[in-house]
Amino acid sequence: MADTSERTAPTPAPAEGRPGSGSALGAGALGLGRRLLTLREGSIIVVTLIAAIYFAINVDNFLTIDSFKNLLPYFAPFAILGAGEVFVMINGEIDLSIGAVYLLGPFIFFKFNEAGLPLIPALVLALIVCMLIGFINGFFVAVVGIASFVVTLGSLFALSGIALVISHAAPVSAPGTSTLEMGTFAKIFGGGTYSELIWALAIVAILQIVLSFTRWGIYTVAVGGNRLGAAEAGIRVHWVLIRNFVLCALLAGLVGVLETTRATSITPDPAASNVVLFEGISAAVIGGTLLAGGEGTVVGALIGALFLGVLNDGLVLQGTNADYLNLYLGIAIIIAMTLNVFVQRVRKGAGVA
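Under the working numbering, the first residue of the sequence shown is numbered 303, with each subsequent residue one higher.
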């Protein structure tokens with residue numbers, strides 16, 4: 303009779319270096335990749351990393367402090383503009399007037415300062431005027447019922463015209479930058495090396511918290527997902543829309559002041575401001591904000607702006623012909639949006655809301 307106390311020896315676990323460990327590592331890598339892709343910002347994180355690695359390998363001076371400083375003007379302003387645009391786009395709307403507000407805001411600031419107001423009061427009043435422009439845009443969209451594309455396109459042309467009229471199509475010195483040694487105001491509002499970066503990170507952090515954890519953000523997502531259902535639930539849809547247009551215009555005016563302070567001059571150039579407009583919208587879109595509304599993240603706009611900055615800075619340092627920059631940017635946006643569609647499918651398959 304067999305000894306029943308005899309136990310079967312356990313099968314030894316695969317030791318490091320054996321085939322089983324490789325399978326485990328592969329499964330772990332796949333799991334990590336899947337978890338990354340289930341993030342809303344997963345696709346643009348991957349694309350940004352790929353672009354950064356490519357330029358780090360092929361461009362000798364890409365990973366340097368000087369390169370990072372050159373990157374900031376192509377990154378921080380678009381992150382702030384994209385952050386404001388995210389709130390409007392989550393509602394299923396779009397604000398094309400931010401380019402003109404970006405252009406007009408610094409001239410209003412200059413006029414108030416020229417009239418005798420100190421720098422800070424002049425800046426506050428200029429930003430209030432920008433907010434009023436956003437209120438008017440929101441009123442025509444939410445109350446009158448005109449499509450946001452039409453309203454803000456009209457505002458884009460009208461405000462660009464006003465900027466040309468009040469400036470007499472001539473550049474002026476930015477307030478607070480006339481002295482050879484920049485003062486505290488200029489260093490805080492764009493003149494400092496990292497001031498725009500600090501503004502961008504602070505604004506993105508605050509607005510992401512607002513979007514994720516406050517009633518303002520919850521209502522914004524609800525209105526974008528189902529406007530009729532939100533209204534029936536007691537949400538004041540009109541005020542949500544107007545408030546987000548006000549926010550978008552406020553940030554556009556602030557970016558205009560930051561950029562003109564950095565450049566030390568205010569130039570009435572509608573063509574350049576229109577480029578800024580599309581860069582800001584691109585940052586929001588490739589960061590994962592849906593044009594149809596209902597979904598988006600401010601952090602995604604930040605990463606989208608970083609991608610645009612990495613792409614632009616890397617191509618310039620690589621010596622790419624300027625004529626090809628827009629071509630590569632367009633291709634990159636298409637690739638990023640294709641990955642966003644794929645990520646949405648992965649998220650749904652993983653049961654992530």
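The beta carbon of each residue, even a glycine, is placed where N, CA and C say it ideally should be. Owing to the predicted nature of the structure, the values given are computational and were not obtained by experimental measurement.
- Taken atom to atom, the span from the alpha-carbon of Leu619 to that of Leu429 is near 36 angstroms.
- Around the CB of Gly401, 16 or more other CB atoms lie within 10 Å, so the residue is classed as buried.
- The distance from the Cβ of Phe609 to that of Thr350 is about 4 angstroms, consistent with a contact at the 8 angstroms cut-off.
- Sixteen is the threshold: since fewer than 16 other Cβ atoms of the shown chains lie within 10 Å of the Cβ of Ser480, the residue is exposed.
- For Leu373, the CB contacts under 6 angstroms within the same chain, skipping 5 residues up- and downstream, are Gly611 and Asp615 in chain order.
- When the five nearest sequence neighbours on each side are left out, the beta carbons in the same chain lying within less than 6 angstroms of the beta carbon of Ile588 are those of Ile346, Gly606, Ile635 and Ala638, in order along the chain.
- In this structure, Ile382 is the residue among Ser475, Arg647, Ala358 and Ile382 with its C-alpha nearest to the C-alpha of Ala507.
- Assignment of Val474 by DSSP, reduced to helix, strand and coil, places it in the strand class.
- Taking the Cα positions, Ala504 is about 11 angstroms away from Ser497.
- In the DSSP assignment, Val443 falls outside any alpha helix (DSSP H) and carries neither an H nor an E.
- The beta strand (DSSP E) runs of length 3 or more contained entirely in the stretch 591-619 do not exist; there are none.
- Look at Ser480 here: in three-state DSSP terms it is coil, with no helix or strand label.
- Cβ-Cβ distances below 7 angstroms link Cys550 to Gly386, Glu387, Phe389, Val390, Asp397, Ile400 and Gly436 in the same chain, with the five nearest sequence neighbours on each side left out; the list follows chain order.
- Using a 10 angstroms sphere on the CB of Arg545, the tally of other CB atoms reaches 16 or more, which defines it as buried.
- For Phe547, the closest alpha carbon among the candidates Pro420, Phe411, Gly407 and Ser450 is that of Ser450.
- For Ile583, no pairing in a beta bridge is given by DSSP.
- Considered as a whole, the stretch 522-547 harbours 529-534 as its complete alpha helix (DSSP H) runs of no fewer than 4 residues, in chain order.
- Inside the stretch 395-449, DSSP marks whole alpha helix (DSSP H) runs of 4 or more residues at positions 400-416 and 421-441, from first to last along the chain.
- In the DSSP secondary-structure assignment, Ile568 is bridged to Val474.
- If you look at Val388, you'll find it in the alpha helix (DSSP H) that goes Ala378 to Ile392.
- DSSP, read as helix, strand or coil, puts Phe515 in helix.
- Taking all protein chains shown into account, Phe409 has 16 or more neighbouring C-beta atoms within 10 Å of its C-beta and is therefore buried.
- The shortest CA-to-CA distance from Ile490 to any of Leu556, Asp362 and Ser469 is the one to Leu556.
- Restricting attention to Leu593, Val559, Pro379 and Asp625, the CA atom closest to the CA of Glu581 is found in Pro379.
- Between Gly595 and Ile448, the C-beta spacing is not below 7 angstroms.
- Annotated as proximal: Phe411 and Val559, with beta-carbon spacing under 7 angstroms.
- With fewer than 16 neighbouring CB atoms inside 10 Å of its own CB, Glu534 falls in the exposed class.
- Residue range Ile367 to Leu373 is occupied by the alpha helix (DSSP H) that includes Leu373.
- For the set Pro473, Val453 and Leu509, the Cα lying nearest the Cα of Lys413 is the one of Pro473.
- With 16 or more other CB atoms across the displayed protein chains lying within 10 angstroms of its CB, Thr454 is buried.
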